[in-house]
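K.L.:
Sharing a structure below in structure tokens format, with a few things to ask.
Number of protein chains: 2
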Amino acid sequence: MQFHHHGYVPTDPRLQTAAGAGLARPDEIPDEVDVLIVGAGPAGMLLAAQLAQFPTIVTRIVERRPGRLEIGQADGIQARTVETFQAFGFAERIAEEAYRISEVNFWAPDPAHPSRITRTARTDDDPAGLSEFPHLVVNQARVLDYLAEAASNAPARVSVDYGVEFVDLTVGADGAPVEVELREHDPAGVSRTRRIRARYVVGCDGARSRVRESIGRSYTGGAAMHAWGVMDVLAVTDFPDVRLKCAIQSQAGSILLIPREGGFLVRMYVDLGDVPAHDRGAVRSTPLADIVRRAQAILHPYTLDVRDVAWWSVYEVGHRVVDRFDDATEGEVRLPRVFICGDACHTHSAKAGQGMNVSMQDAFNLGWKLGSVLDGRAPASLLRTYSEERREVAVDLIEFDKQWSSLMAQGAEDADDPDTLATFYTSNAEFAAGFMTRYRPSMITGDDAHQHLAAGFPIGKRFRSAPVIRVADATPRQLGHHARADGRWRLYAFADRDGSALREWAGWLRDSADSPVRRTMRPDADLDRVFDVKVVFQQRHDDLGLLDAPAVFLPQVGPFGLTDYEKVYAADESADIFDLRTIDRSGVVVVVRPDQYVANVLPFSARDELSAFFAACLASATRRSPERE
Amino acid sequence: MQFHHHGYVPTDPRLQTAAGAGLARPDEIPDEVDVLIVGAGPAGMLLAAQLAQFPTIVTRIVERRPGRLEIGQADGIQARTVETFQAFGFAERIAEEAYRISEVNFWAPDPAHPSRITRTARTDDDPAGLSEFPHLVVNQARVLDYLAEAASNAPARVSVDYGVEFVDLTVGADGAPVEVELREHDPAGVSRTRRIRARYVVGCDGARSRVRESIGRSYTGGAAMHAWGVMDVLAVTDFPDVRLKCAIQSQAGSILLIPREGGFLVRMYVDLGDVPAHDRGAVRSTPLADIVRRAQAILHPYTLDVRDVAWWSVYEVGHRVVDRFDDATEGEVRLPRVFICGDACHTHSAKAGQGMNVSMQDAFNLGWKLGSVLDGRAPASLLRTYSEERREVAVDLIEFDKQWSSLMAQGAEDADDPDTLATFYTSNAEFAAGFMTRYRPSMITGDDAHQHLAAGFPIGKRFRSAPVIRVADATPRQLGHHARADGRWRLYAFADRDGSALREWAGWLRDSADSPVRRTMRPDADLDRVFDVKVVFQQRHDDLGLLDAPAVFLPQVGPFGLTDYEKVYAADESADIFDLRTIDRSGVVVVVRPDQYVANVLPFSARDELSAFFAACLASATRRSPERE
């Protein structure tokens, strides 16, 4: 955490200094905003937290609910999401209060006594050590709390406008703002209609999204529905794995059991079967008592004495995805002005624990793009990449969830192999943890021409952190954890053996007119406003002189022109990043997007390629409003 | 973190449910309180946070300052203190924003050019791996913020009464409350005198303590004073170790350089020399410019361009300790009613980074004792152990600080060995980290009759945590981190190989009339109100059945009678606690005090000894007011 460089900070350093739109934020939604976010669920809140990092942008987020979410809904937090939370500054805190999934156990009918369940497999949840972050379970309400804190602590001080309903929108002609109709409900029950203008609108308003409707997008995919009862219970049981995640298949049906945070609460997803086409929602009136009885039957011979029910629901889902995640047209005819994120784009079962995670990654993908365009550092064409990149992820997700759901539903006795479920779970661990997303080459993702120089950083996949030593204070650090969700690009220079190629490249980066850093630098701003440039040396940290690092890695920042010492790293002898990530020791530059995805891998000599890559996706600092292009 | 067992908690689980005194806490200080704490520095705030865990106790803390501390003062946080913060729930958060001391570097005159300093040694701050916690530097103001949060989140909801001055007190006859005169200053500048009664008063009011005066205690020790200039600066420098803790000795004097949190701020303690007897505080008018100039001369040939000064001060210190830390008389004549903690008891230099730490440990030692006595679970004679235990620690501290200060002051050229300072620092690492405190046998600390059964848990020293696997959720944990600063005693049962001796002991502990657990159990309270009883098995976690553990380790808690699953552990194969702490595999019980110190080590067979130990320091649950005894 870096602070004090603008002067001494006497309070919590997590409270960033207010700036721009955050200085005098009105309580009332203004008539004109830059971004209107509809819906304060995980996608909407993450987007708000991201945009709040851009002081120049006026962001408002409206939510139909009268106040904070208290209960229920999603709870699975995959490692990729915890990694994302780290960039927003609250991974440790949320992990501390969450349930941590360490193992997953599988139960099925005992072959000797098929009416009784027995444990068939015990599996490590992350056998390959995919991430330094854990797999967590914590209530969605707490996720929203932390994101709300991040949004309101950020320079633009964004907070939710509760009791405000989205009614409709009209996308104006080229460059004109989107006209939005809202309905504000005050606590006394009085409502009034508002019409505001927004440069961009983002619908994070769930499976029944009105924003989606208003831009005429619709689901494709099967209409087949499956029903589940879900309950969060405080119970006394002699089922020995009650504090472990379990997939339980019995002759009486199946349960996905998820222990919850705090050590006592347990969530059970109880399978209620396929919903007949003529059901018309009748399944949703299944009483709680039926769900409890069914759970008791499934757990036989173990007992389940439910003492308190914190929340329960019955829901039906199909597997569907929207054709496009924005209002743009194919080709170059019209750039997007309205976007949809999360459940508004894709629906599927809750049992793979993916929904909330993928939704937040949708928002993380979109957030920095909107911020960069509105801040004038990127062309508006960047916004087309959102739907292109995220729809493919959604399609993969639906496919995964279909397989997992049908395996869960078919029951152990139908499978050829009693370990089918366990095998599927283990072999898809990387997907389930959120690390299989790989974006295709585009204006923000390079091709694999130089991939071999850093094989451990696959282009298009998220930058996987590794241990290093920070030279200035000789402390072990995770290289990736220094990167915050601040909308900046990262250039990680892995030095050549003697540092000569590094030095030459660093000089070019700092001083050449072709350098992306120089080209995007504003005269009134610090060197590292758009790019965060770091170096990792091969030498031991105590063989290096901190101040011998090239100047681009020791920028002068803030009003006092103080040196930022936290960009110079050395390999950690006990876990050498050059070996761990298969980095060529003749030196390489790894380019990482603001959403932590590897954008390119280039040798120091490929200056023209580096310049050209950023010429396409970042505007020159002298051009003030590239988003009007 | 455990919660939800009294029903679903919809908000931050760190906010404990208010109870007792916390339910309707008045803004005004009431006429009668249980504990009045004078002074809201580190000792006072830690004591408040500890007492706030006891809902039945009315605690008030008064502070002369009109509001929160913003700047300056102590900043060193030794590993023992971080360990303590863990028990109060904020170790991770404060570590995240703190500077972490990894190495300490030593600089001295270059033998070839004595006017220039050169690096003479680079040392690891914790070469022996004394603790899983780091050594930190963070502003005292933030320490107070976190303690204030812990106090106001605790059941009794304690918060500071600012603008209230302690004037005087009178200790009444046996059993009568202490009469206290306070002066309340409101923000408008109006003052009024208040007289209140307190069962106990604790002076945490610093080196010029008026509480100390009011009980007639005074310092012993030398009157020799030494002066230091201290400044927190934002500066540009070419001194390469500016982000490492450094002891710098030069021909122009000496500096202790401490990098501060946030990556930019640096604290320098600049030696101003011994103060002549006739100085009468004149040294305190040394201007800032002189201190900066002296720092620049010491750092030669490196430059120091101070751009901003966040805080600075000049202070003089002697090495002094008070004869007793309470108002009791020797022998059994009068039990203590008034205590002093922290700087009120001991003063010394700031340079060993001990003051704030030892002060908080004073309070941690006293807090649970006051809480236990007022709650009726311990006899009032327990309170005599506070002064007995802590004064010895203070005497050791003064001795350590005298040596360190004189080594720092004498200059490298006077030492026989240029590495004297580095050698002293390294060989005293355990003391400096706060782990050398060892309490003598007393009513709360056993003798070493059975110490050999668990050599790695020395009786009288703090319980050193080690890795284990929690059986219920198969997660790796630190055994010690489950223990919160909740005033409870811990019994750690390390199981024998086949668990038969354990099982017999556990049955006795749960059911026998002689068992300390049974004897202190109130009919209306959970089994684990006074004792937190845990087991560690030698087997792998997946070879154990969670529900096969003896019932005392699976207590039913809260209104729903839910099972607490977090008391059953297994050794971690990759770091076996039985080996790490040299625990006899025939089984042993380790008794740990509420302030984390090992109180006793006993075999399972030593039931009588266990009963006798607690008969002396814990009251039977049927006796309601043992503190009147």
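These protein sequence lines map, in sequence, to chains A and B. With the working numbering, the residue at position 626 of the first sequence is 2079, and numbering never jumps. With the working numbering, the residue at position 244 of the second sequence is 1697, and numbering never jumps. Every residue, glycine too, gets a C-beta built ideally from N, C-alpha and C. It should be emphasised that the depicted structure is a prediction, and the values quoted were computed from it without experimental measurement.
(1) For the segment 1745-1762 of chain B, which residues have a beta carbon sitting closer than 8 angstroms to at least one beta carbon of chain A?
(2) How long is the line joining the alpha carbons of A/S1612 and A/A1604, rounded to whole angstroms?
(3) For A/W1681, which of A/D1579, A/A1651, A/W1765, A/D1614 has the nearest alpha-carbon?
(4) Here's the rule I'm using: 16 or more other beta-carbon atoms within 10 Å means buried, otherwise exposed. How should A/A2068 be labelled?
(5) So B/P1466 contacts chain A; which residues on that side make the cut at Cβ distance below 8 angstroms?
(6) Could you name the residues of chain B that A/F1559 contacts, counting a contact when the two beta carbons are closer than 9 angstroms?
(7) Below 7 angstroms CB to CB, which residues in the same chain sit around B/A1748 once its five sequence neighbours on both sides are set aside?
(8) Under 6 angstroms Cβ to Cβ from A/I2036, same chain only, skipping five residues before and after it: list those, please.
(9) What number of angstroms, rounded off, separates the C-alpha of B/Y1599 from the C-alpha of A/H1679?
(10) Could you work out which residue in A/R1943, A/H1753, A/E1585, A/A1496 is closest to A/A1532 when comparing CA atoms only?
(11) Give me the Cα-Cα distance between A/K2020 and A/F1507, rounded to the nearest whole angstrom.
(12) Indicate the three-state DSSP secondary structure (helix, strand or coil) for A/H1934 in the structure shown.
(13) Whose C-beta lies closer than 6 angstroms to the C-beta of B/L2007 among residues of the same chain, with five residues either side of it excluded?
(14) For B/D1465, count neighbouring C-beta atoms within 10 Å of its own C-beta (all shown protein chains included) and say buried if the count is 16 or more, exposed if not.
(15) By alpha-carbon positions, which one of A/P1740, A/Y1768, A/V1719, A/H1753 ends up nearest to A/I1733?
(16) Buried or exposed: which applies to B/I1851, given that a residue is buried once 16 or more other Cβ atoms fall within 10 Å of its Cβ?
(17) Since A/R1553 meets chain B, which of its residues come closer than 8 angstroms, beta carbon to beta carbon?
(18) With H, G and I counted as helix, E and B as strand and the rest as coil, what does DSSP make of B/K1914?
(19) When the Cα of A/Q1991 is compared with those of A/W1961, A/L2063, A/V2041, which residue comes out closest?
(20) B/R1943 CB to nearest chain A CB: under 8 angstroms?
(21) List, in order along the chain, the chain A residues whose C-beta lies closer than 9 angstroms to that of B/D1598?
(22) So is the beta-carbon of A/A1551 under 7 angstroms away from any non-hydrogen atom of the ligand FAD?
(23) Okay, do the segment 1787-1795 of chain A and the segment 1807-1825 of chain A touch, 3+ Cβ pairs below 8 angstroms being the bar?
(24) In chain order, which alpha helix (DSSP H) runs of at least 4 residues are fully inside the segment 1498-1551 of chain A?
(25) Would A/G1452 and B/H1638 be called neighbours here (beta carbons separated by less than 8 angstroms)?
(26) Could you tell me which residues DSSP puts in a beta bridge with B/D1758?
(27) Would A/R1569 pass as an interface residue toward chain B - the criterion being a Cβ-Cβ separation below 8 angstroms?
(28) Roughly how many angstroms separate the alpha carbons of A/R1478 and A/R1610, rounded to a whole number?
(29) By alpha-carbon positions, which one of B/G1820, B/G1887, B/S1968 ends up nearest to B/A1938?
(30) Examine chain A for any beta-carbon lying closer than 8 angstroms to the beta-carbon of B/I1711, and answer yes or no.
(31) Using the beta-carbon of each residue, which ones in chain A are nearer than 8 angstroms to B/I1524?
(32) What separation, rounded to the nearest whole angstrom, lies between the Cα atoms of A/V2054 and A/K1914?
(33) What are the boundary residues of the beta strand (DSSP E) that includes B/M1721?
(34) In chain A, which residues lie with their C-beta within 9 angstroms of the C-beta of B/F1586?
(35) Any idea which residues DSSP pairs A/P1394 with across the strands?
(36) Select from A/R1647, A/Y1615, A/V1631, A/A1527 the residue whose C-alpha is nearest the C-alpha of A/V1591.
P.N.:
Looking at the coordinates:
(1) R1760, D1761
(2) Mapped onto the first sequence, residue 1612 of chain A falls at position 159. Mapped onto the first sequence, residue 1604 of chain A falls at position 151. So the two alpha carbons sit approximately 7 angstroms from each other.
(3) Reading the first sequence from its first residue, position 228 is the one you call residue 1681 of chain A. Residue A/W1765 is the option with its Cα nearest to A/W1681.
(4) Against the first sequence, residue 2068 of chain A aligns to sequence position 615. Exposed, since its Cβ has fewer than 16 Cβ neighbours within 10 Å.
(5) Translated into the one-based positions of the second sequence, residue 1466 of chain B becomes position 13. Residues of chain A passing the Cβ test: E1550, E1714, G1715.
(6) Here residue 1559 of chain A is taken as the residue at index 106 of the first sequence, counted from 1. The contacting residues do not exist; A/F1559 stays about 14 angstroms from chain B at best.
(7) In the second sequence, the residue the question calls residue 1748 of chain B occupies position 295. Only I1708, M1721, V1723, L1757 meet the Cβ criterion.
(8) Locating residue 2036 of chain A in the first sequence gives position 583, counting from the first residue. Excluding sequence neighbours, A/I2036 sits near A1907, F1947.
(9) Residue numbering aside, residue 1599 of chain B sits at position 146 when the second sequence is read from its first letter. Residue numbering aside, residue 1679 of chain A sits at position 226 when the first sequence is read from its first letter. Straight-line Cα distance between these residues: approximately 48 angstroms.
(10) One-based indexing of the first sequence puts residue 1532 of chain A at position 79. Here the closest residue by C-alpha is A/E1585.
(11) As a first step, residue 2020 of chain A is located in the first sequence; it is residue number 567 there, counting from the start. As a first step, residue 1507 of chain A is located in the first sequence; it is residue number 54 there, counting from the start. Cα-Cα distance, rounded: 22 angstroms.
(12) Your numbering for residue 1934 of chain A matches position 481 in the first sequence. It is helical.
(13) Translated into positions along the second sequence, residue 2007 of chain B becomes position 554. Answer for B/L2007: T2016, listed in chain order.
(14) For this step, residue 1465 of chain B is matched to residue 12 along the second sequence. When all chains shown are included, B/D1465 counts as exposed.
(15) One-based indexing of the first sequence puts residue 1733 of chain A at position 280. The identity of residue 1733 of chain A in the sequence shown is Arg, whereas the question assumes Ile. The option with the nearest alpha carbon to A/R1733 is A/Y1768.
(16) Your numbering for residue 1851 of chain B matches position 398 in the second sequence. Result: buried.
(17) Position 100 of the first sequence, counted from the start, is the residue given in the question as residue 1553 of chain A. Correct list: D1926, T1928.
(18) Residue numbering aside, residue 1914 of chain B sits at position 461 when the second sequence is read from its first letter. DSSP places B/K1914 in coil when its eight states are reduced to three.
(19) Translated into the one-based positions of the first sequence, residue 1991 of chain A becomes position 538. Nearest of A/W1961, A/L2063, A/V2041 to A/Q1991, Cα basis: A/V2041.
(20) Translated into positions along the second sequence, residue 1943 of chain B becomes position 490. Cβ-Cβ to chain A under 8 angstroms: no for B/R1943.
(21) One-based indexing of the second sequence puts residue 1598 of chain B at position 145. Chain A residues near B/D1598: T1464, D1465.
(22) Only the bare structure without any ligand can be found here, which leaves the ligand FAD out of the picture.
(23) yes
(24) 1532-1541, 1544-1550
(25) Chain A is shown only over 1454 to 2082; residue 1452 of chain A falls outside these bounds and no answer can be derived.
(26) Position 305 of the second sequence, counted from the start, is the residue given in the question as residue 1758 of chain B. The partner list for B/D1758 (beta bridge, DSSP) reads B/V1689.
(27) Sequence index remark: in the first sequence, residue 1569 of chain A carries index 116 (1-based). It does not: the Cβ of A/R1569 has no partner Cβ on chain B nearer than 8 angstroms.
(28) Taking the first sequence and counting its residues from 1, one reaches residue 1478 of chain A at position 25. Taking the first sequence and counting its residues from 1, one reaches residue 1610 of chain A at position 157. About 8 angstroms.
(29) Residue numbering aside, residue 1938 of chain B sits at position 485 when the second sequence is read from its first letter. Out of B/G1820, B/G1887, B/S1968, B/G1820 has the C-alpha closest to the C-alpha of B/A1938.
(30) One-based indexing of the second sequence puts residue 1711 of chain B at position 258. With 8 angstroms as the cut-off, B/I1711 does not count as an interface residue toward chain A.
(31) Mapped onto the second sequence, residue 1524 of chain B falls at position 71. By Cβ distance, chain A contributes Y1461, P1463.
(32) The residue you call residue 2054 of chain A lines up with position 601 of the first sequence. The residue you call residue 1914 of chain A lines up with position 461 of the first sequence. If you take the alpha carbons of A/V2054 and A/K1914, they lie about 12 angstroms apart.
(33) Working through the second sequence from its first residue, we reach residue 1721 of chain B at position 268. 1719-1728 is the span of the beta strand (DSSP E), which, as asked, contains B/M1721.
(34) Residue 1586 of chain B sits at position 133 when you count from the first residue of the second sequence. Residues of chain A passing the Cβ test: none, with the nearest at roughly 14 angstroms.
(35) Nothing can be reported for residue 1394 of chain A, as the shown portion of chain A is limited to 1454 through 2082.
(36) By 1-based counting over the first sequence, the position of residue 1591 of chain A is 138. It is A/A1527 whose Cα lies nearest to the Cα of A/V1591.
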